[in-house]
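Chains X and P are the protein sequences, given in the same order. Residue numbers for the first sequence follow our numbering, so the first one is 516 and each next one is one higher. Residue numbers for the second sequence follow our numbering, so the first one is 516 and each next one is one higher. Single-structure report; data block below.
2 protein chains.
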Amino acid sequence: MQLSNDPYRLFKQFLSLHLEADDQITEFCKKFKHKKTKKNELLLSVDEVCSYLYFVNSGCLRIYLLDNNGNESTRFLVTENKFGTSFPSFKLQEPSLASIQSLEPADLLYISYKDFNVLLHEYPAWERIYRIILEKEYIESIKRIESLITMDAKQRYQALMETSPSFIQRFPSRMIADYLGISQETLSRLKSKR
Amino acid sequence: MQLSNDPYRLFKQFLSLHLEADDQITEFCKKFKHKKTKKNELLLSVDEVCSYLYFVNSGCLRIYLLDNNGNESTRFLVTENKFGTSFPSFKLQEPSLASIQSLEPADLLYISYKDFNVLLHEYPAWERIYRIILEKEYIESIKRIESLITMDAKQRYQALMETSPSFIQRFPSRMIADYLGISQETLSRLKSKR
DNA sequence: TAAATTTATTGACATTTGTCAATCACCAGT
DNA sequence: ACTGGTGATTGACAAATGTCAATAAATTTA
Chain X
516 MQLSNDPYRL
526 FKQFLSLHLE
536 ADDQITEFCK
546 KFKHKKTKKN
556 ELLLSVDEVC
566 SYLYFVNSGC
576 LRIYLLDNNG
586 NESTRFLVTE
596 NKFGTSFPSF
606 KLQEPSLASI
616 QSLEPADLLY
626 ISYKDFNVLL
636 HEYPAWERIY
646 RIILEKEYIE
656 SIKRIESLIT
666 MDAKQRYQAL
676 METSPSFIQR
686 FPSRMIADYL
696 GISQETLSRL
706 KSKR
Chain P
516 MQLSNDPYRL
526 FKQFLSLHLE
536 ADDQITEFCK
546 KFKHKKTKKN
556 ELLLSVDEVC
566 SYLYFVNSGC
576 LRIYLLDNNG
586 NESTRFLVTE
596 NKFGTSFPSF
606 KLQEPSLASI
616 QSLEPADLLY
626 ISYKDFNVLL
636 HEYPAWERIY
646 RIILEKEYIE
656 SIKRIESLIT
666 MDAKQRYQAL
676 METSPSFIQR
686 FPSRMIADYL
696 GISQETLSRL
706 KSKR
């Protein structure tokens, strides 16, 4: 698929959904830079302080953890039209437990922690948009917690098929597995057993 | 323990941490009402739309789910100096999947959805405080997700002992168990096997 | 205080899920 | 078309966790 020439097109569209006046949109855009990534490019490694918040124009970011045994666990999958970062590290400016990887060739906008705070303190409209994004993400995380504490592996997989069917086609099944908190083999068996 | 006469004391103190000027604090307080609960009092039942956001002066709120088999799962435990509600239901004004229970006799402030939005739209300072609360809660929820997808029952219990040791003394162990997403029996065995 | 109720612990066993290893299928590059 | 590599599937088994039942301990209520 061919992306529009203007890398800020999607972002502006996103912003305009939440803003009455359009006058500040260009100010916001000025703080975001544009970047393309290759498949599997690493944007943040464990123990680095996360300096950027990303907006995904196309492609997908994967925020994931690596445990002592070398097992990966996917904290989030961030697709088109969404914001993503290693949030605790970005917000608190402390070393990240998670890494960020560009799963596919991606087209991204990104803003530095410093500029992000400039927007936050100078533009009430940005504070509002950010708050709305936080609310949405928080609600999603609550649902994720609920699925993890109340459902078994099969139920979680079925729930994911209902809420995010595109994930299942789009991402390798070992990532779906560790997003669900189960092993690749268990997921494979769930799929075959109807 | 005897609480101060002014039920807004803790709340004001909380607000003043995040506000430069104190002039709006009384405005905020006006929108919050005061309420005492009995032990085990139910503040919200499943399928009701959650109308209130609570601030806990003393006591504890438990936000929990009930599955088809009658198993309870604790989504959150909200203690002194914290805000709590059935967030997805409160925010989206849709029927709640969770119930809210006052685990102990509690002293609460609460604000209606309507008044909450009045504050949100009329006071940038409230928007800011709310945003800061959201950030904190969101970070906590991310850590909870991480512990659920990367750790086994024993590790989760140990992590809880480190981050919230007071929980373990304070709450019945079956609630700790379903907060961790494990059965009461498994928790009981974890405790005995060191 | 005693009785009644709830909560916690323990054992036996079933189920779920993980681990390791082998095989299979697919794709990328030559 | 071959080849090497990655990802997916399957089997055999091990480990973790859940379930059910019995008992013990603690708490509440009369």
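We put the CB at the ideal spot given by N, CA and C, even for glycine.
Look at P:Val-561 here: in three-state DSSP terms it is coil, with no helix or strand label. Chain order gives the chain P residues near X:Ser-656 as Tyr-653, Ser-656, Ile-657 and Ile-660, where near means a beta carbon separation below 7 angstroms. If only complete runs of 4 or more residues are kept, the stretch 625-709 of chain P shows the alpha helix (DSSP H) at 628-637, 639-665, 668-678, 680-685, 688-695 and 699-707, in order along the chain. Counting every other CB atom within 10 Å of its CB across the protein chains shown gives X:Pro-687 a total below 16, marking it as exposed.
Rounded to the nearest whole angstrom, the C-alpha separation of X:Ser-601 and X:Ile-540 is 25 angstroms.
Near chain P, meaning a CB-to-CB distance below 8 angstroms, the residues of the stretch 630-654 of chain X are Pro-639, Glu-642, Arg-643, Tyr-645, Arg-646, Leu-649, Glu-650, Glu-652, Tyr-653 and Ile-654. Under DSSP, P:Pro-610 takes part in a beta bridge, and its partners are P:Val-564.
Under the three-state reduction of DSSP, P:Ser-601 is assigned to coil, being neither helix nor strand. Beta-carbon to beta-carbon, X:Leu-618 and X:Cys-575 are separated by about 5 angstroms, close enough to satisfy the 8 angstroms threshold. Cα atoms of P:Glu-642 and X:Leu-635: separation of roughly 11 angstroms, rounded to the nearest angstrom. The alpha-carbon of X:Asn-586 is positioned some 15 angstroms away from that of X:Ser-560.
Look at the stretch 576-595 of chain P: the residues with a C-beta under 9 angstroms from a C-beta of chain X are Leu-580, Asp-582, Asn-586, Ser-588, Thr-589, Arg-590 and Phe-591.
If you compare the alpha carbons of X:Tyr-645, X:Cys-565 and X:Lys-550 with that of X:Leu-612, the shortest gap goes to X:Cys-565. Among the bridge pairs identified by DSSP, X:Ala-536 is matched with none. In the DSSP assignment, X:Lys-527 falls within the alpha helix (DSSP H) that extends over 524-531. Contacts between X:Lys-606 and chain P, judged by CB atoms closer than 7 angstroms, involve Glu-650 and Ile-654 in chain order. Under the DSSP assignment, X:Lys-550 falls in the beta strand (DSSP E) whose first and last residues are 548-552. Close to X:Phe-682, with beta-carbon spacing below 9 angstroms, lies no residue of chain P; the smallest spacing is near 15 angstroms. The stretch 652-667 of chain X makes contact with the stretch 651-667 of chain P; the number of CB pairs closer than 8 angstroms reaches 3 or more. Among the residues of chain P, those whose CB is under 9 angstroms from the CB of X:Leu-663 are Arg-659, Ile-660, Leu-663, Ile-664 and Gly-696, following chain order.
DSSP places X:Glu-587 inside the beta strand (DSSP E), whose first and last residues are 587-593. In this structure, X:Asp-693 keeps its C-beta atom at 8 angstroms or more from the C-beta atom of X:Ser-614. Among the CB atoms of chain X, one or more fall inside 8 angstroms of the CB of P:Phe-602.
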